[in-house]
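**Q** Structure incoming, see below.
Residue numbers (this note's numbering): 1 to 244.
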């Protein structure tokens, strides 16, 4: 397994895979700000399942996802491991610990093959002093994600399971595609166990709920993947309205 803080060979940031919306942190930076971060980092690749950063480890670097997807999870005092989010191309992850100087509070793991710009902590802090607007954008990113987390936690507490599941899927869709709005499909790279954890139900209950959504033509499922194909119906279900 590769470790996130090893030496890299490619200092250049390649083309990002998708999206240029303002909710993706990298795209909110100016060309000069991107160049400054790129110049002080290096590019690394991780294979599916490999760890970019481990919960509790030193805050040694920040990552800019260039290609692929990562899953962010955390383990509580009881040893329960829970999914927190998934992040993809043009997203910045692991940025808070290098700024705070505290050990990492979550694990970042590759879902598929991931390529990322790795920016060591000391170099990052130097760039932030030179270009303080980057700090503003990192703070904005943290605020957006806190709002997403609050919404997901709120929706996962609803009493009606079909409605709750629909709302949780909608909130996850906005994590995967921050600019997702209308009728376009969106793919969630989540296991059944992770979805059950998000929805706060057993795996068997989650499977029954997903089967109902499949019968309605709302989602398609594959191994570690859920595709939302009828977001309009999903929104009706999340709002407590009958599917039409």
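We put the CB at the ideal spot given by N, CA and C, even for glycine.
Please identify the residue among 206, 125, 83, 70 whose C-alpha is closest to the C-alpha of residue 93.
**A** Looking at the Cα atoms, 70 is the closest of the given residues.
**Q** I need the straight-line Cα distance from residue 199 to residue 235, nearest angstrom please.
**A** 16 Å
**Q** Between the region 71 to 86 and the region 125 to 138, are three or more C-beta pairs nearer than 8 Å?
**A** no
**Q** According to DSSP, simplified to helix, strand and coil, what is residue 69?
**A** coil
**Q** In or out: residue 66 buried (at least 16 other Cβ within 10 Å) or exposed?
**A** Residue environment for residue 66: buried (at least 16 other C-beta atoms within 10 angstroms of its C-beta).
**Q** Taking only runs of the alpha helix (DSSP H) that begin and end inside the region 182 to 230, which ones reach a length of at least 4 residues, in chain order?
**A** 192 to 199, 203 to 215
**Q** Just mark residue 28 as buried or exposed, buried being the case when its beta carbon has 16 or more other beta carbons within 10 Å.
**A** Counting Cβ neighbours within 10 Å, residue 28 comes out buried, since at least 16 surround it.
**Q** If I'm right that residue 114 touches residue 68 with Cβ under 8 Å, what's the distance once you round it to whole angstroms?
**A** Confirmed, about 4 Å.
**Q** With DSSP as the reference, label residue 110 as helix, strand or coil.
**A** strand
**Q** Which one of 178, 103, 214, 127 has the shortest CA to CA distance from residue 58?
**A** 103
**Q** Once the 5 residues before and after residue 123 are set aside, which same chain residues still bring their CB inside 8 Å of it?
**A** Closer than 8 Å at the Cβ level, and outside the excluded window around residue 123, lie 40, 41.
**Q** Please determine, among 95, 78, 60, the residue with the shortest C-alpha to C-alpha distance to residue 72.
**A** 95
**Q** Considering only C-alpha positions, which residue in the set 193, 149, 61 is nearest to residue 101?
**A** 61
**Q** Measuring straight from C-alpha to C-alpha, what distance separates residue 151 and residue 32?
**A** 34 Å
**Q** When you measure from the CB of residue 41 to every non-hydrogen atom of the ligand COA, does any distance come out below 7 Å?
**A** The model on display carries no ligand, and the ligand COA is accordingly not part of it.
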